[in-house]
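Asks: My structure is below; once you've seen it, I'll send some questions.
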Amino acid sequence: MYHADKFYLNGAWTAPAAGGTLAEIVNPATEAVIGTMAMGTAEDVDRAVEAACSAFPAWSETSREARLDLLERILAGCTARKEDLAMAISAEIGAPISLARTAHVGLALAQLDMVVKTLREFAFETPHGSNTVRREPIGVAGLITAWNWPLVMVCNKVATALAAGCTVVLKPSEIAPLDARIFAEIVHEAGAPAGVFNLVQGAGQVVGAALCAHRGVAMVSFTGSTRAGIEVARNAAPTVKRVAQELGGKSPLIVLDDADLGTAVKTGVMQLMMNSGQTCVAPTRMLVPRDRYDDAVGIAAAVANGLKVGDPSDAGTQVGTISNRQQYEKVQRMIGIGIEEGARVAAGGPGRPDGLAHGLYARPTIFADVRNDMTIAREEIFGPVLAVIPYDDEDDAIAIANDTDYGLAAYVASGDTARARRVAARIRAGSVRINGASTDLSLPFGGYKASGNGRENGAHGLAEFLECKAVIG
Ligand code: NDP
1334 MYHADKFYLN
1344 GAWTAPAAGG
1354 TLAEIVNPAT
1364 EAVIGTMAMG
1374 TAEDVDRAVE
1384 AACSAFPAWS
1394 ETSREARLDL
1404 LERILAGCTA
1414 RKEDLAMAIS
1424 AEIGAPISLA
1434 RTAHVGLALA
1444 QLDMVVKTLR
1454 EFAFETPHGS
1464 NTVRREPIGV
1474 AGLITAWNWP
1484 LVMVCNKVAT
1494 ALAAGCTVVL
1504 KPSEIAPLDA
1514 RIFAEIVHEA
1524 GAPAGVFNLV
1534 QGAGQVVGAA
1544 LCAHRGVAMV
1554 SFTGSTRAGI
1564 EVARNAAPTV
1574 KRVAQELGGK
1584 SPLIVLDDAD
1594 LGTAVKTGVM
1604 QLMMNSGQTC
1614 VAPTRMLVPR
1624 DRYDDAVGIA
1634 AAVANGLKVG
1644 DPSDAGTQVG
1654 TISNRQQYEK
1664 VQRMIGIGIE
1674 EGARVAAGGP
1684 GRPDGLAHGL
1694 YARPTIFADV
1704 RNDMTIAREE
1714 IFGPVLAVIP
1724 YDDEDDAIAI
1734 ANDTDYGLAA
1744 YVASGDTARA
1754 RRVAARIRAG
1764 SVRINGASTD
1774 LSLPFGGYKA
1784 SGNGRENGAH
1794 GLAEFLECKA
1804 VIG
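In this note's numbering, each residue's number is its place in the sequence shown (first place is 1) plus 1333.
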């Protein structure tokens, strides 16, 4: 059993203020309680912000080398404890252990490494004629993270904020508190000065809301649903703090008529199904030429049917569970709505996969005959559910791709890279990946429209935590 009963405040593990409650930590594969965690209050947030405010003047004036030293020690600490981190992530969100090791922890380490590289090269002061533009840390940063890629978000936000010279208060998702606690132990071991990094667990509506409203917090960096992102911005507005939002998506994959259909469809399905479809940039709408539609649906269904869904602790498992019961029920509800609205189930469907009687397992589901005005094509499902939509020509494909409230990511498959780039230029989204290209962590990451307004990663991500000052004369 895990006992996450203390918060990390001002350099020490500290008992919660009076009035907090205990919540259960549930393993979604067994639905067994695997631990308990303290849920913070506004008073805990006050203590954390006070510590971060006290630490800010000294930390904001540290040299680049001192910050690099700390970040490199944190990276080394995470590397040394990567198996603990992978086990925690697998237990708390039901990610297959192989995915937890390679993707969850692997990407988190890569993020830390990228922050180190970015900090090494970042120009905090640039001449402008005889004047100067200085980039200065904005102040105390409140960091609120989601459960789907928990450690990646924690590492990226914390490391970037510290690199900028900010001090931080982290509120991880209550669904995934364990990896964040291990991370806090690592930061402590790495020798972060007291108050530079603080951790308060608890509910978004309580701890998250208090952090957003707090006068001592200069900026909130938030990843999660658009619904909660709006609340964050509302609560932050009276104190005019900066809010960086990384929100939901309904990302299209346009398979152009000159693409290798088999490769494009298979790559798209695999990218979506990874992490049980719980990825903000997942390609959830697959747009294929009408005259290749049936072939595309057949390939997608075969790929989905071939996936090994099951026990996350089994090294051969490709798809684990949905992370929590509320989300599991949402996925089931959305599959039901897809059927009610007339989409055809080409693979998967409601309920659990055959042979899995317990646990929050959903069936990798391919919906055919989907129109872009159906609920399953408009709302973020955050589960292993693909909508395959036919299009008539390139203009029609681009119109469907852009006909969404979201604009986080998009994907284009084509035999002609120049053509794919021309299509990419017409898509309203923060990133467009061509032919299954893997991500580059030095590039900006974020959304258009309801997918948010912040940019993470690389120099753009670091700039989010900085104020800009003109020194004239
Ligand atoms: P939320 O957006 O509610 O949770 C994300 C984080 O925000 C959590 O730490 C949460 O706290 C916190 N939070 C919630 N409400 C507030 C608030 N009013 N003020 C400050 N912080 C708050 O995600 P859910 O878990 O509810 O997931 C629901 C849907 O969100 C999913 O179905 C999916 O569509 C989408 N989602 C998108 C993600 C993305 O990366 N784009 C990530 C996760 C979810 P708490 O610990 O209490 O949940």
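Ideal Cβ placement from N, Cα and C applies to all residues, glycine included.
Using alpha carbons as the reference points, say which of Tyr1739, Thr1412, Ala1436 and Gly1368 lies closest to asparagine 1608.
Replies: Cα-wise, what sits closest to asparagine 1608 is Ala1436.
Asks: Quick check on histidine 1793: does DSSP put it in helix, strand or coil?
Replies: Histidine 1793: helix per DSSP, three-state reduction.
Asks: Find the nearest neighbour of asparagine 1489 within the set Val1449, Asp1738 and Gly1692, judged by alpha-carbon distance.
Replies: Asparagine 1489 has its Cα closest to that of Val1449, out of Val1449, Asp1738 and Gly1692.
Asks: So what does DSSP say about leucine 1774, is it helix, strand or coil?
Replies: Looking at leucine 1774 - three-state DSSP - the assignment turns out to be coil, as it is neither helix nor strand.
Asks: Keeping to the same chain, check which residues put their C-beta closer than 6 Å to that of alanine 1569; ignore five residues upstream and five downstream.
Replies: Within the same chain, alanine 1569 has close Cβ partners Cys1545, Val1553 and Val1576.
Asks: Taking the beta carbon of isoleucine 1515 as the centre, do at least 16 other beta carbons fall within 10 Å, making it buried, or is it exposed?
Replies: By the neighbour-count rule (16 or more Cβ atoms within 10 Å), isoleucine 1515 is buried.
Asks: For asparagine 1790, is the beta carbon positioned less than 7 Å from some heavy atom of the ligand NDP?
Replies: Checking every heavy atom of the ligand NDP against the Cβ of asparagine 1790, none is found closer than 7 Å.
Asks: Here's the rule: buried if 16 or more other CB atoms are within 10 angstroms of the residue's CB, otherwise exposed. What is glutamine 1444?
Replies: Buried.
Asks: Counting along the chain, where does the alpha helix (DSSP H) carrying tyrosine 1335 start and finish?
Replies: No alpha helix (DSSP H) contains tyrosine 1335, which is instead part of the beta strand (DSSP E) from 1335–1337.
Asks: How long is the line joining the alpha carbons of glycine 1427 and aspartate 1644, rounded to whole angstroms?
Replies: Between glycine 1427 and aspartate 1644, the C-alpha separation is close to 8 Å.
Asks: Quick one: what does DSSP say asparagine 1705 is sitting in, helix, strand or coil?
Replies: Here asparagine 1705 sits in coil by DSSP.
Asks: Between which residues of its own chain and isoleucine 1760 is the CB-CB distance below 7 Å, once the five residues before and five after are set aside?
Replies: Same-chain partners within the cutoff: Ile1731, Ala1734, Asn1735 and Ala1743.
Asks: Do isoleucine 1471 and threonine 1617 have their C-beta atoms closer together than 8 Å?
Replies: No, the pair does not count as a contact, with Cβ atoms beyond the cut-off.
Asks: Taking 8 Å as the limit between beta carbons, can you name the residues of its chain near cysteine 1411, skipping five residues before and five after?
Replies: Hits under 8 Å: Leu1418, Val1438, Ala1441, Leu1442, Leu1445, Cys1488, Phe1516 and Ile1519.
Asks: How many Å lie between tryptophan 1482 and threonine 1612 at the Cα?
Replies: So the alpha carbons of these two residues sit roughly 7 Å apart.
Asks: State buried or exposed for cysteine 1499, treating a residue as buried only when at least 16 other CB atoms are found within 10 Å of its CB.
Replies: Classification of cysteine 1499: buried, given that the 10 Å Cβ count is 16 or more.
Asks: Taking the Cβ atom as the reference point for each residue, do alanine 1592 and leucine 1719 lie within a distance shorter than 8 Å?
Replies: Cβ atoms of alanine 1592 and leucine 1719: not closer than 8 Å.
Asks: Going along the chain, which residues of its own chain have a beta-carbon closer than 6 Å to the beta-carbon of alanine 1597, five neighbours each way excluded?
Replies: These residues qualify, in order along the chain: Val1588 and Ala1746.
Asks: Apart from the five residues on each side of it in sequence, which residues of its chain come closer than 7 Å, Cβ to Cβ, to leucine 1299?
Replies: An answer regarding residue 1299 cannot be provided, because it is not within the stretch 1334 to 1806 covered by the chain.
Asks: Given 7 Å as the limit, tell me if cysteine 1411 has its C-beta closer than that to any heavy atom belonging to the ligand NDP.
Replies: For the ligand NDP, not one heavy atom lies less than 7 Å from the Cβ of cysteine 1411.
Asks: Could you pull out every residue in the same chain whose Cβ sits closer than 6 Å to the Cβ of isoleucine 1699, ignoring the five residues on either side in sequence?
Replies: Closer than 6 Å at Cβ, skipping near neighbours: Ala1633, Ala1634, Ala1637, Ala1679, Ala1680 and Leu1719.
Asks: Skipping 5 residues on each side, what residues in its chain have a beta carbon closer than 8 Å to that of aspartate 1628?
Replies: Once the five neighbours on either side are set aside, the close Cβ partners of aspartate 1628 are Leu1594.
Asks: Does the beta-carbon distance from glycine 1740 to asparagine 1464 come in below 8 Å?
Replies: For glycine 1740 and asparagine 1464, no; Cβs fall outside 8 Å.
Asks: Please indicate yes or no: does the CB of glutamine 1660 lie closer than 7 Å to some heavy atom of the ligand NDP?
Replies: Answer for glutamine 1660: yes, Cβ within range of the ligand NDP.
Asks: Which full runs of the alpha helix (DSSP H) of 4+ residues lie inside the region 1704–1748, going along the chain?
Replies: As far as the region 1704–1748 is concerned, its whole alpha helix (DSSP H) runs of at least 4 residues are 1708–1711 and 1727–1735.
Asks: Which residue wins for smallest C-alpha separation from threonine 1650, given the options Ala1348, Ala1710 and Ile1430?
Replies: Checked all of Ala1348, Ala1710 and Ile1430; the closest Cα to threonine 1650 is Ile1430.
Asks: So for asparagine 1531, helix, strand or coil by DSSP?
Replies: Residue state, collapsed to three classes: strand.
Asks: Would you give the residue range spanned by the beta strand (DSSP E) that histidine 1461 belongs to?
Replies: It spans 1458–1461 - the beta strand (DSSP E) in which histidine 1461 sits, taken as one unbroken run.
Asks: How long is the line joining the alpha carbons of phenylalanine 1555 and alanine 1384, rounded to whole angstroms?
Replies: Cα-Cα distance, rounded: 21 Å.
Asks: Leaving out five residues on either side along the sequence, give the residues of the same chain with a beta carbon under 7 Å from the beta carbon of methionine 1486.
Replies: So the qualifying residues of the chain are Thr1478, Ala1479 and Thr1556.
Asks: Can you tell me where the alpha helix (DSSP H) with glutamine 1604 in it begins and where it stops?
Replies: Looking at the DSSP string, the run of the alpha helix (DSSP H) that includes glutamine 1604 is 1594–1606.
Asks: From which residue to which residue does the beta strand (DSSP E) around tryptophan 1801 run?
Replies: Reading off the sequence shown, one finds cysteine at residue 1801, where the question assumed tryptophan. 1799–1804 is the extent of the beta strand (DSSP E) around cysteine 1801.
Asks: Measuring alpha carbon to alpha carbon, tell me which residue in Ala1350, Ala1783, Ala1362 and Glu1357 is nearest tyrosine 1694.
Replies: Ranking Ala1350, Ala1783, Ala1362 and Glu1357 by Cα distance to tyrosine 1694 puts Ala1362 first.
Asks: I'd like to know whether the C-beta atoms of alanine 1388 and valine 1533 end up nearer to each other than 8 Å.
Replies: Cβ distance not < 8 Å, so alanine 1388 and valine 1533 don't count as in contact.
Asks: Among all the DSSP beta bridges, which residues are the ones paired with glycine 1785?
Replies: In DSSP, glycine 1785 forms a bridge with Glu1579.
Asks: Shorter than 7 Å, the distance from the beta carbon of leucine 1484 to the closest heavy atom of the ligand NDP, or not?
Replies: False, no ligand heavy atom lies under 7 Å from that Cβ.
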